[in-house]
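Going down the list, the sequences are from chains A and B.
Under numbering that gives the first Met the number 0, think of the first position of the first sequence as 0, with each following residue one higher.
Under numbering that gives the first Met the number 0, think of the first position of the second sequence as 0, with each following residue one higher.
Glycine included, each C-beta is placed from N, C-alpha and C at the ideal position.
Only a predicted model underlies this, so the values are computations on that prediction, with no experimental measurement involved.
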Amino acid sequence: MSAEPSVASSSTPATQHKKTTRGGTRHFTEGGPVKKDGIQQAKTEGKELTKEEKQRLRKEKKQQKKSKEKKDEKASQESEKEKKPVSSASPASQPPTQPITPKAPSAVPTLVPVPASETPAPADKPAKSKAEMKAERRARQEAERASKQGKKGEVGQQAAPGKPKAPPSELQPVVKRLPEHVQVDNPEVLKKLAKKLERQQIPLRSDYGYKVSLFSHLHQYSRKAPLTQQLSIPSTVIHPAIVRLGLQYSQGIVAGSNARSVALLHAFKQVIRDYTTPPNEELSRDLPNQFNFLNQCRPLSASMGNAIKYIKKEISNIPSQCKEEEAKSKLLNCIDRYIDEKINLAAKAIAKSSIEKISDGDVILVYGCSSLVNHILCEAFEKNRKFRVIVVDSRPRLEGREALRRLVQRGISCTYVLISAVSYILPEVSKVFLGAHALLANGYVMSRVGTSQIALVAKAFNVPVLVCCETYKFCERVQTDSFVSNELDDPDDLIVTRKGKTQLEHWQEVPSLGLLNLVYDVTPPDFVDLVITDLGMIPCTSVPVVLRVKNVDQ
Amino acid sequence: MELQAVLMAAGGGSRMTDLTYNTPKAMLPVGNKPLMWYPLNLLERVGFEEVIVITTKEVQKMMSTDPKMKLDVKMKLDVVCIQEDGDMGTADALRHIQQKIKTDILVVSCDLITDVALHEVVDLFRAHNATLAMLMSKAHEFTETVPGQKGKKKTGEQRDFVGVDQSGKRLLFMANEADLEDGLSIRKSIMRKHPRMHIKTGLVDAHLYCLKKAVVDFLADNKSISSIRGELLPYLVRKQFSKTINSQKVKDDTEDQNQIKNDGSTNHELLISSRDEPLLKLAQERSCWNDHRGDMSEAYHGGKLRCYVHIMDEGLCYRVNTLAAYIEANRLAPKLFEEPAVHPSAVISERCQMGSDSIIGALCQVADKTSIKRSTIGNSTTVKEKVKVTNSIIMHGVTIEEGCNIQGSVICSNAVIGRGADLKYCLVGNGQRIEQEAERTNEVIVGTDQLMEI
Numbered sequence: 000m001s002a003e004p005s006v007a008s009s010s011t012p013a014t015q016h017k018k019t020t021r022g023g024t025r026h027f028t029e030g031g032p033v034k035k036d037g038i039q040q041a042k043t044e045g046k047e048l049t050k051e052e053k054q055r056l057r058k059e060k061k062q063q064k065k066s067k068e069k070k071d072e073k074a075s076q077e078s079e080k081e082k083k084p085v086s087s088a089s090p091a092s093q094p095p096t097q098p099i100t101p102k103a104p105s106a107v108p109t110l111v112p113v114p115a116s117e118t119p120a121p122a123d124k125p126a127k128s129k130a131e132m133k134a135e136r137r138a139r140q141e142a143e144r145a146s147k148q149g150k151k152g153e154v155g156q157q158a159a160p161g162k163p164k165a166p167p168s169e170l171q172p173v174v175k176r177l178p179e180h181v182q183v184d185n186p187e188v189l190k191k192l193a194k195k196l197e198r199q200q201i202p203l204r205s206d207y208g209y210k211v212s213l214f215s216h217l218h219q220y221s222r223k224a225p226l227t228q229q230l231s232i233p234s235t236v237i238h239p240a241i242v243r244l245g246l247q248y249s250q251g252i253v254a255g256s257n258a259r260s261v262a263l264l265h266a267f268k269q270v271i272r273d274y275t276t277p278p279n280e281e282l283s284r285d286l287p288n289q290f291n292f293l294n295q296c297r298p299l300s301a302s303m304g305n306a307i308k309y310i311k312k313e314i315s316n317i318p319s320q321c322k323e324e325e326a327k328s329k330l331l332n333c334i335d336r337y338i339d340e341k342i343n344l345a346a347k348a349i350a351k352s353s354i355e356k357i358s359d360g361d362v363i364l365v366y367g368c369s370s371l372v373n374h375i376l377c378e379a380f381e382k383n384r385k386f387r388v389i390v391v392d393s394r395p396r397l398e399g400r401e402a403l404r405r406l407v408q409r410g411i412s413c414t415y416v417l418i419s420a421v422s423y424i425l426p427e428v429s430k431v432f433l434g435a436h437a438l439l440a441n442g443y444v445m446s447r448v449g450t451s452q453i454a455l456v457a458k459a460f461n462v463p464v465l466v467c468c469e470t471y472k473f474c475e476r477v478q479t480d481s482f483v484s485n486e487l488d489d490p491d492d493l494i495v496t497r498k499g500k501t502q503l504e505h506w507q508e509v510p511s512l513g514l515l516n517l518v519y520d521v522t523p524p525d526f527v528d529l530v531i532t533d534l535g536m537i538p539c540t541s542v543p544v545v546l547r548v549k550n551v552d553q
Numbered sequence: 000m001e002l003q004a005v006l007m008a009a010g011g012g013s014r015m016t017d018l019t020y021n022t023p024k025a026m027l028p029v030g031n032k033p034l035m036w037y038p039l040n041l042l043e044r045v046g047f048e049e050v051i052v053i054t055t056k057e058v059q060k061m062m063s064t065d066p067k068m069k070l071d072v073k074m075k076l077d078v079v080c081i082q083e084d085g086d087m088g089t090a091d092a093l094r095h096i097q098q099k100i101k102t103d104i105l106v107v108s109c110d111l112i113t114d115v116a117l118h119e120v121v122d123l124f125r126a127h128n129a130t131l132a133m134l135m136s137k138a139h140e141f142t143e144t145v146p147g148q149k150g151k152k153k154t155g156e157q158r159d160f161v162g163v164d165q166s167g168k169r170l171l172f173m174a175n176e177a178d179l180e181d182g183l184s185i186r187k188s189i190m191r192k193h194p195r196m197h198i199k200t201g202l203v204d205a206h207l208y209c210l211k212k213a214v215v216d217f218l219a220d221n222k223s224i225s226s227i228r229g230e231l232l233p234y235l236v237r238k239q240f241s242k243t244i245n246s247q248k249v250k251d252d253t254e255d256q257n258q259i260k261n262d263g264s265t266n267h268e269l270l271i272s273s274r275d276e277p278l279l280k281l282a283q284e285r286s287c288w289n290d291h292r293g294d295m296s297e298a299y300h301g302g303k304l305r306c307y308v309h310i311m312d313e314g315l316c317y318r319v320n321t322l323a324a325y326i327e328a329n330r331l332a333p334k335l336f337e338e339p340a341v342h343p344s345a346v347i348s349e350r351c352q353m354g355s356d357s358i359i360g361a362l363c364q365v366a367d368k369t370s371i372k373r374s375t376i377g378n379s380t381t382v383k384e385k386v387k388v389t390n391s392i393i394m395h396g397v398t399i400e401e402g403c404n405i406q407g408s409v410i411c412s413n414a415v416i417g418r419g420a421d422l423k424y425c426l427v428g429n430g431q432r433i434e435q436e437a438e439r440t441n442e443v444i445v446g447t448d449q450l451m452e453i
């Protein structure tokens with residue numbers, strides 16, 4: 000979900016950045032220090048720069064730029080302006096001392112230390128005035144462009160301007176702002192959010208109960224205080240289908256990544272059907288209201304984020320002269336097609352691949368209730384594979400009971416254990432099938448809390464772990480731990496009544512007691528042996544490749 | 000639009016005829032506000048902007064002249080008049096306005112006074128995609144003495160048996176004692192699906208229902224159902240568990256006919272379907288949630304018709320349809336709102352003793368040496384000197400001469416109480432005159448024209 004705002008914010012600094020890199024490259028090829036000869040050679044020979052070399056290139060450019068600007072600090076305002084979009088990529092509200100921040104790979108670390116590291120000044124450039132240097136750069140660019148136009152097939156000098164242009168656009172340092180939902184302990188961010196919601200007439204849901212300090216940057220809501228308390232009953236601002244959806248999310252009636260996405264798309268079909276274009280507005284401008292409402296009910300999942308991106312893209316692709324009815328029917332068809340391709344057909348493809356991995360006599364361990372894994376096992380059973388299943392379950396959700404019911408209803412023989420028994424039961428297991436909520440760009444698997452435990456213990460017992468995930472759940476976010484971006488569920492779910500006694504009934508009155516109900520955790524790729532997707536069976540580390548392929552397709 | 004509100008204000012108040020002889024039930028003053036103002040205020044507070052009011056011409060006339068209704072109710076009231084003498088039940092009234100209904104409806108009765116958080120009922124309706132969601136409350140014993148009541152009360156009242164599931168939200172069984180002459184029987188299919196059922200008898204039905212639009216369409220086709228509470232609700236609750244043929248499957252004609260005959264009262268099936276049904280089903284299949292545990296069936300046992308109830312534990316909820324309820328409501332309703340006890344236009348002399356829980360209406364004149372305790376005095380009432388009013392309800396336009404002593408009574412509009420009268424636990428009908436020095440205890444004093452002919 001954090002990929003969404005970054006797309007908007009990175010556009011401006013990116014374009015600015017492009018200008019400077021191009022200028023920087025010009026400067027660099029003129030006469031740089033000796034150690035860079037290797038890179039220059041590679042460029043003139045037309046070889047692809049390696050990743051580290053590109054990184055170094057960028058760092059050099061930045062340092063050169065910094066030194067220049069330090070010298071011409073008072074000279075021109077432009078330097079300030081150019082610096083601002085670059086350094087304001089980490090906006091004012093974020094204190095520079097954030098220790099753990101999710102970042103895109105490669106170039107971002109070079110940007111964030113920029114505000115902090117004003118001091119190092121590699122002074123090896125003559126002190127020209129900013130305007131003069133810019134003019135020089137532009138002249139050079141024109142010359143290069145003119146020379147390039149004549150030579151089409153030549154790989155030499157032409158490749159040099161060509162290549163540095165292409166990599167920056169592809170591996171552009173995607174500058175991300177921290178999303179609001181992981182900055183709950185920052186009062187400024189909260190104020191901004193409150194103002195934004197007020198403008199859109201969406202009520203703000205207040206946090207509930209004492210939060211464990213490690214997770215105080217996340218929201219924690221109570222199920223007994225639904226958002227509808229503050230909405231008017233025939234809801235006018237938010238479409239009734241969205242209100243119903245939000246209620247179903249917050250009460251857990253629709254739970255599970257696939258179910259939530261399908262329900263979201265279903266609700267949007269209704270919104271689109273009932274939408275009548277007001278004269279000056281567009282559908283794409285009304286949608287954020289609805290998303291914000293849903294976000295308040297329950298934080299959006301990665302798969303939902305991708306679905307929303309797809310809808311927005313489709314809406315923007317509609318030609319403006321298209322009539323309303325036609326546009327609506329087009330959109331509805333797009334949504335149907337998306338569900339068919341990404342969910343139904345993907346499930347079929349994954350089932351087909353996984354059946355090859357299930358052999359007769361297997362003992363398969365599953366955790367919780369993943370709709371995809373259940374589907375796979377049912378399909379395998381239909382194809383007459385002989386196997387048995389061990390369902391591992393954990394409190395407080397106890398979703399495994401539902402998985403157990405579905406499997407037993409089909410006739411599969413199952414065993415049911417709680418997660419505390421997993422190390423006792425693993426010696427019997429031949430394979431572990433896990434479902435995923437999202438697959439992160441660095442190969443980590445984000446799934447229900449407890450999955451990483453299962454993967455860890457399975458690794459210790461040398462049992463292969465297979466994760467099944469459709470490609471629409473692939474996410475461009477990067478996370479290495481479960482603290483930064485997670486979801487806190489209602490802490491009252493942990494309270495249980497046994498033999499008429501509820502020990503934790505008054506937990507709020509004990510000042511040193513905090514109840515923590517985490518929903519997700521991340522599993523490192525070392526514990527996952529194979530990821531089965533609708534594109535085939537890939538190792539965990541190939542996720543960025545798939546993402547790149549997807550981006551190019553779009 | 001999500002919900003349309005319908006207010007049923009055509010009821011005759013058959014259980015309190017003495018009060019409603021001249022004033023229709025919907026305009027009876029409770030705490031100096033007309034009775035139907037309370038549900039309208041509830042709807043307005045929650046955010047409704049339009050209400051369809053089904054009422055009689057008389058009430059409509061009174062509504063347009065009543066100051067409270069004109070000023071305080073800011074919603075748009077779409078008044079639909081029906082014949083007063085016709086035997087129109089609540090379901091018949093819904094059928095009458097079927098053309099106006101475009102979405103799901105919220106039906107409220109005009110005699111409901113409550114401070115419930117309405118979102119609790121509507122959330123059940125929304126979240127579970129229910130066909131019916133209703134409100135019920137624990138019944139309170141009425142402690143005040145009712146004028147004119149001789150002997151034990153509640154011999155005629157029949158209990159309602161309501162069966163809910165373990166969560167207390169799903170409505171499984173509903174029947175009135177009158178229909179259960181042979182005893183209470185519960186179908187095995189219900190027991191198989193919901194092995195634990197709680198049957199409650201001490202509940203008051205608030206007559207607040209959220210109904211799907213499909214139900215209104217069904218009513219239009221089935222003219223035999225005339226009352227929501229008496230016939231439609233038990234039918235819907237029973238229908239949850241009947242073996243319905245899925246509307247998507249191909250129907251077998253003979254089977255269809257048999258089933259309809261068994262059902263008896265209906266000719267058409269209640270079709271609950273929605274657009275994009277397969278998508279909804281897919282979402283439900285993929286969701287790892289179930290509303291019950293312990294058996295092999297999916298969420299909601301695969302049933303599409305679901306009825307839910309929200310039972311209020313605490314808070315105010317009264318149906319003002321009997322005299323006892325009317326008196327109780329008068330006592331408690333003013334506490335719902337923060338309004339000054341004495342209307343600014345009332346003229347109260349200084350040597351009057353007024354208790355803090357009394358209410359004086361507009362344009363009243365209260366003379367010296369009077370004592371008013373725990374009472375409600377209506378608009379334009381004149382109270383002369385040395386009068387003692389305790390625990391009573393005095394409606395509009397009443398004149399009370401000097402030296403009267405009124406205790407625990409209800410004096411209807413435009414009555415005149417003669418000098419020195421002593422009334423204990425009496426009900427004085429509309430426009431009656433009580434002669435001087437009269438002493439009445441526990442009597443209902445009405446005009447001869449109100450008395451029934453045998």
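In this structure, N516 (chain A) lies away from D552 (chain A), with their beta-carbon atoms at least 8 Å apart. Under the Cβ distance rule, E398 (chain A) counts among the residues neighbouring chain B, one pair being separated by less than 8 Å. Listed in chain order, the non-local C-beta contacts of S369 (chain A) below 6 Å within the same chain comprise G434, local neighbours out to five positions each way being set aside. In its chain, beyond the 5 residues on either side, G360, A361, L362, C363, H395 and G396 have a beta carbon closer than 8 Å to the beta carbon of S379 (chain B). In this structure, L117 (chain B) and V45 (chain B) form a Cβ contact; the two beta carbons are roughly 5 Å apart against a cut-off of 8 Å. Setting aside the 5 residues that flank it on each side, H95 (chain B) is surrounded in the same chain by I53, V79, I81 and M87, each with a C-beta closer than 8 Å to its C-beta; the list follows chain order. Counting only the Cα atoms, R330 (chain B) lies some 31 Å from L230 (chain A). When rounded, the separation of the alpha-carbon atoms in N316 (chain A) and S393 (chain A) is 45 Å.
Taking a Cβ-Cβ threshold of 7 Å, the residues of chain B close to N257 (chain A) are R285, in chain order. DSSP places T369 (chain B) in the coil class of the three-state scheme, outside both helix and strand. DSSP places M132 (chain A) within a helical segment (H, G or I) once states are collapsed to three. Close to chain A, meaning a Cβ-Cβ distance shorter than 7 Å, are the following residues of the region 32-51 of chain B: V45, G46 and F47.
Around the CB of P178 (chain A), 16 or more other CB atoms lie within 10 Å, so the residue is classed as buried. Distance from the CA of I347 (chain B) to the CA of R432 (chain B), rounded to the nearest whole angstrom, comes to 24 Å. Every beta strand (DSSP E) stretch that sits fully inside the region 128-194 of chain B and reaches 3 residues is listed by chain position as 131-137, 159-163 and 170-175. In this structure the region 300-312 of chain B does not touch the region 175-187 of chain B; the number of beta carbon pairs closer than 8 Å is below three. Residues of the same chain with a CB within less than 8 Å of the CB of H193 (chain B), apart from the 5 flanking positions on each side, are D164, Q165, R169, L171 and H291 in chain order.
For a cut-off of 8 Å, the C-beta gap from S136 (chain B) to V203 (chain B) is around 5 Å, short enough to register as a contact. When Cβ-Cβ separations below 8 Å define contact, L134 (chain B) makes no contact with chain A. Using a Cβ-Cβ cut-off of 7 Å, S234 (chain A) is close to E1 of chain B, given in chain order.
Residue nearest to C209 (chain B) within the set B:V443, B:V106 and B:Y317 is B:V106 (criterion: CA-CA distance). Where G304 (chain A) is concerned, the enclosing alpha helix (DSSP H) starts and stops at A301 to N316.
In this chain, the beta strand (DSSP E) harbouring S446 (chain A) covers V444 to R447. DSSP, reduced to helix, strand and coil, places K383 (chain B) outside both helices and strands of the structure shown, so it counts as coil. For D275 (chain B), the nearest beta carbon of chain A is closer than 8 Å to its own beta carbon. Ranked by Cα distance from I307 (chain A), the first of A:K268, A:P490 and A:E324 is A:K268.
Less than 8 Å separates the beta-carbon of G251 (chain A) from that of W288 (chain B). Between the C-alpha atoms of Q199 (chain A) and L263 (chain A) there is a straight-line separation of about 20 Å. For a cut-off of 8 Å, the C-beta gap from I338 (chain A) to K382 (chain A) is around 25 Å, too long to register as a contact.
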